[in-house]
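Participant: Below you will find the structure I want to go over with you.
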Amino acid sequence: MSVGVPFLDLAAQYDCIGAELEDAVLAVLRSGHYVLGPRVEAFERAFARTCGVEHAVAVNSGTTALVLALQALKIGPGDAVITVPMTFVATVAAIEQVGARPVLVDVDPDTRCMDPGQIEAAITPDVRAIMPVHLHGHPADMDAINAIAARHGLSVIEDAAQAHGARYKGRACGGLGQMAGFSFYPSKNLGAAGEAGCVVTNDRHLAETLRSLRDWGQEGRYNHVRKGTNARMDAIQGAALEVKLRHLEAWNEARRQHAATYNDRIHGAGLTLQGVRTPHTADDVDPVHHVYAIEVDARDAIRDSLATAGIGTNIHYPVPVHLMPAYQSLGYPPGSFPVAERLSQTLLSLPLYPEMTSAQIDLVVTALTHAMDVSEKARSQCRG
Ligand SMILES: *Cc1c(COP(=O)(O)O)cnc(C)c1O
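Counted from 1, the sequence shown has number 217 at position 117 by the working numbering; the numbering is strictly sequential.
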């Protein structure tokens, strides 16, 4: 019997929905229809409803969803796309994959999402689109971003890979820009039984282009009208996702409750007075806490101490994209994005998944309290 708390526990999810999932997947195996088809189409319809949009186009990963969204807008060599350095690398990689140039702007220290105040200074004549990221499941400030995009004739593609079911001013993420890319990587709020993703849009023409792009640019069998690729979703993933989508709202609600419990316990233990910062929720948004990340100065020491207590943690993300070895070529030296750089040194993601218990949250906060005391003593010794 382990006394720790894992960062994530997908086996606990399987324990709750295993029978449903096995029925759906077995039905696919028996059907002989393994790629796209009726299960994927049913999921597409259901997921479009969740996002409050007309069309969902299922693909084989979140990265591919972003790549195809850019390609559907004919964004490529000679074009630039504005995004953020505080994200998973795939956001920036997708832009480079279509041959366009990523232009980065810093994030807001509260929402940790794109700071709309930084966008206009970054707009050059080659900029075609803005790609905000709803980091940790907290929506970016989409009204401000859309207003700037409209003023400059730019498209907006949401990277909604962490924001299934999140709402901004009452509207679901995914329906807030021209298109949005979702990932169903197993650890996301809505996760497949493997790799999967989806593009959603209200634009029928873009949806048709996306369907063609994901299937070798076909419009009708062997009629290749554009250069596409193989980005089709497996039927097993469509079936698994359709089952899991029925639970998404309950899972997100559990995440919200756990986040509220964390906030209460952390404040109650006096840890905010010791310098722990709990995640901020902007007015009029309903986040889905893909990640519950606190900010704390002695992050690495705290993380080590939690690991010793058996508490799984993670960092989203320890290095902002512009400082990664592979992305030096973007030409942003250290100091270019002070907020993202500071967050990369202070963010610490605590265990959060729907099936966890408040007793487990108590264990985490007790271990965090101990870690803060140890770190405070070590610092006062240095001063003395
Ligand atoms: C997970 C993720 C992606 C990539 O999705 P994959 O399905 O892993 O390709 C892109 N952007 C963000 C913000 C993500 O968290």
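Just so you know, even glycine gets a beta-carbon here, dropped at the ideal spot from N, CA and C. The structure displayed is predicted, hence computed values, not measured ones.
1) Would you kindly report the start and end of the unbroken alpha helix (DSSP H) that includes V125?
2) Report the partner residues of Q488 according to the DSSP bridge assignment.
3) Can we count D259 as close to ligand 1, meaning its CB is less than 7 Å from some heavy atom?
4) With DSSP as the reference, label D400 as helix, strand or coil.
5) Can you tell me the Cα-Cα spacing of M101 and Q278, whole angstroms?
6) Is A162 near ligand 1, going by C-beta to nearest heavy atom under 7 Å?
7) Would the region 221-238 count as touching the region 265-281 if we require 3 or more Cβ pairs under 8 Å?
8) List the endpoints of the continuous beta strand (DSSP E) containing L573.
9) What's the gap between the Cα of I257 and the Cα of T301?
10) In terms of alpha-carbon separation, which member of E196, H416, H238 lies closest to A359?
11) What span of residues does the beta strand (DSSP E) with F282 cover, start to end?
12) Secondary structure at R311, three-state DSSP: helix, strand or coil?
13) Buried or exposed for P185, please, with buried defined as at least 16 other CB atoms from any protein chain shown within 10 angstroms of its CB.
14) Specify the secondary structure class of V184 as computed by DSSP and reduced to three states.
15) Should Y457 be labelled buried (16 or more other beta-carbon atoms within 10 Å of its own) or exposed?
16) Take the Cβ of S480 as the centre, count every other Cβ of all protein chains shown within 10 Å, and call the residue buried at 16 or more, exposed below.
17) Within the same chain, show all residues whose beta-carbon is closer than 8 Å to that of V385, passing over the 5 residues directly before and after it, in chain order.
18) Is the distance from the Cβ of H389 to the Cβ of L345 below 8 Å?
19) What would DSSP say about I175, mapped onto helix, strand or coil?
20) Mind listing, in chain order, the continuous alpha helix (DSSP H) runs of no fewer than 4 residues lying wholly within the region 125-169?
21) Using only alpha-carbon positions, find the residue among D334, S283, A335, E319 that is nearest to G328.
22) Starting from the C-beta of S131, find all residues in its chain whose C-beta is less than 7 Å away, skip the five residues before and the five after it, and write them out in chain order.
23) Out of curiosity, what's the CA-to-CA distance linking R196 and E349?
24) According to DSSP, is E476 part of a helix, a strand, or is it coil?
25) Between the Cα of P177 and those of A165, Y134, P138, R228, spot the shortest distance and give me the residue it belongs to.
26) Residue range of the beta strand (DSSP E) that D259 falls in?
27) What residue range does the alpha helix (DSSP H) around A354 cover?
28) Would D473 be called buried (16 or more neighbouring beta carbons within 10 Å of its own) or exposed?
29) Please go through the same chain and pick out, in chain order, the residues whose beta-carbon is closer than 7 Å to the beta-carbon of S449, but skip the five residues on each side of it.
30) Ligand 1 and S288: does the residue's C-beta get closer than 7 Å to at least one heavy atom of that ligand?
31) Quick one: does the C-beta of Y453 sit closer than 7 Å to a heavy atom of ligand 1?
32) Under three-state DSSP, which class holds T329?
33) Rounded to whole angstroms, how far is the Cβ of V159 from the Cβ of R314, which I believe are closer than 8 Å?
34) Using CA atoms only, rank isn't needed, just tell me which of G281, G368, A340, D210 is closest to T163.
35) Roughly how far, in whole angstroms, is the beta-carbon of N363 from the beta-carbon of N289, given that I think they are within contact range, below 8 Å?
36) If you scan the region 197-259 from start to end, which runs of the alpha helix (DSSP H) of 4 or more residues do you find wholly inside it?
Facilitator: In terms of the structure at hand:
1) Along the sequence shown, read from residue 1 onward, the residue named residue 125 stands at position 25. 110-131 is the span of the alpha helix (DSSP H), which, as asked, contains V125.
2) Nothing about residue 488 can be read from this structure; the chain reaches only from 101 to 484.
3) Sequence index remark: in the sequence shown, residue 259 carries index 159 (1-based). Flag set: Cβ of D259 near ligand 1.
4) Reading the sequence shown from its first residue, position 300 is the one you call residue 400. If DSSP states are grouped into helix, strand and coil, D400 belongs with the helices.
5) Translated into positions along the sequence shown, residue 101 becomes position 1. Translated into positions along the sequence shown, residue 278 becomes position 178. Its pLDDT being 42, under 50, M101 is placed unreliably by the model, and the measurement read from it follows with that caveat. Roughly 49 Å between the two C-alpha positions.
6) In the sequence shown, the residue the question calls residue 162 occupies position 62. It should be pointed out that residue 162 corresponds to Gly in this sequence rather than to Ala. The answer is yes for G162.
7) yes
8) Residue 573 is absent from the structure shown; the chain starts at 101 and stops at 484.
9) By 1-based counting over the sequence shown, the position of residue 257 is 157. By 1-based counting over the sequence shown, the position of residue 301 is 201. Distance between the alpha carbons of I257 and T301: 10 Å.
10) For the purposes of this step, residue 359 is taken as residue 259 along the sequence shown, with counting starting at 1. When each option's Cα is compared against that of A359, the closest is H238.
11) Start at 1 with the first residue of the sequence shown, and residue 282 comes out as number 182. 279-283 is the extent of the beta strand (DSSP E) around F282.
12) In the sequence shown, counting from the first residue as 1, residue 311 sits at position 211. If DSSP states are grouped into helix, strand and coil, R311 belongs with the helices.
13) Along the sequence shown, read from residue 1 onward, the residue named residue 185 stands at position 85. Counting Cβ neighbours within 10 Å, P185 comes out buried, since at least 16 surround it.
14) On the sequence shown, residue 184 is found 84 positions in, with the first residue counted as 1. In this structure, V184 counts as coil in the three-state DSSP scheme.
15) Residue mapping note: residue 457 aligns to position 357 of the sequence shown, counting from 1. The amino acid occupying residue 457 in the given sequence is Thr; Tyr does not appear at that position. When all chains shown are included, T457 counts as exposed.
16) Numbered from 1 along the sequence shown, position 380 holds the residue referred to as residue 480. Answer is exposed; the Cβ neighbour count stays below 16.
17) The residue given as residue 385 occupies position 285 in the sequence shown. Correct list, in chain order: H238, P239, A266, R267, Y268, K269.
18) Taking the sequence shown and counting its residues from 1, the one referred to as residue 389 is at position 289. Taking the sequence shown and counting its residues from 1, the one referred to as residue 345 is at position 245. Contact: no.
19) Mapped onto the sequence shown, residue 175 falls at position 75. Coil at I175, not helix or strand.
20) 138-151
21) Counting from 1 along the sequence shown, the entry for residue 328 is found at position 228. Here the closest residue by C-alpha is E319.
22) One-based indexing of the sequence shown puts residue 131 at position 31. Answer for S131: no residue qualifies.
23) Numbered from 1 along the sequence shown, position 96 holds the residue referred to as residue 196. Numbered from 1 along the sequence shown, position 249 holds the residue referred to as residue 349. The identity of residue 196 in the sequence shown is Glu, whereas the question assumes Arg. Approximately 34 Å, taken between the alpha carbons.
24) Residue 476 sits at position 376 when you count from the first residue of the sequence shown. Helix.
25) The residue given as residue 177 occupies position 77 in the sequence shown. For the residues A165, Y134, P138, R228, the minimum Cα distance to P177 belongs to R228.
26) The sequence position of residue 259 within the sequence shown is 159, counting from 1. Start and end: 255-259.
27) Reading the sequence shown from its first residue, position 254 is the one you call residue 354. Counting along the chain, the alpha helix (DSSP H) containing A354 begins and ends at 335-368.
28) Taking the first residue of the sequence shown as 1, we reach residue 473 at position 373. Exposed, since its Cβ has fewer than 16 Cβ neighbours within 10 Å.
29) What you label residue 449 is simply residue 349 of the sequence shown in a count that begins at 1. Excluding positions up to five away in sequence, the list reads V391, Y392, A393, T413, N414, I415, H416.
30) Against the sequence shown, residue 288 aligns to sequence position 188. The identity of residue 288 in the sequence shown is Lys, whereas the question assumes Ser. Checking the Cβ of K288 against ligand 1 gives yes.
31) In the sequence shown, the residue the question calls residue 453 occupies position 353. No, the Cβ of Y453 stays beyond 7 Å of every heavy atom of ligand 1.
32) Taking the sequence shown and counting its residues from 1, one reaches residue 329 at position 229. If DSSP states are grouped into helix, strand and coil, T329 belongs with coil.
33) By 1-based counting over the sequence shown, the position of residue 159 is 59. By 1-based counting over the sequence shown, the position of residue 314 is 214. Contact holds; Cβ gap of about 5 Å.
34) As a first step, residue 163 is located in the sequence shown; it is residue number 63 there, counting from the start. Minimum Cα distance to T163 is reached at G281.
35) Locating residue 363 in the sequence shown gives position 263, where the first residue counts as 1. Locating residue 289 in the sequence shown gives position 189, where the first residue counts as 1. At roughly 19 Å, the Cβ-Cβ gap does not stay under 8 Å, so N363 and N289 are not in contact.
36) 219-222, 242-252
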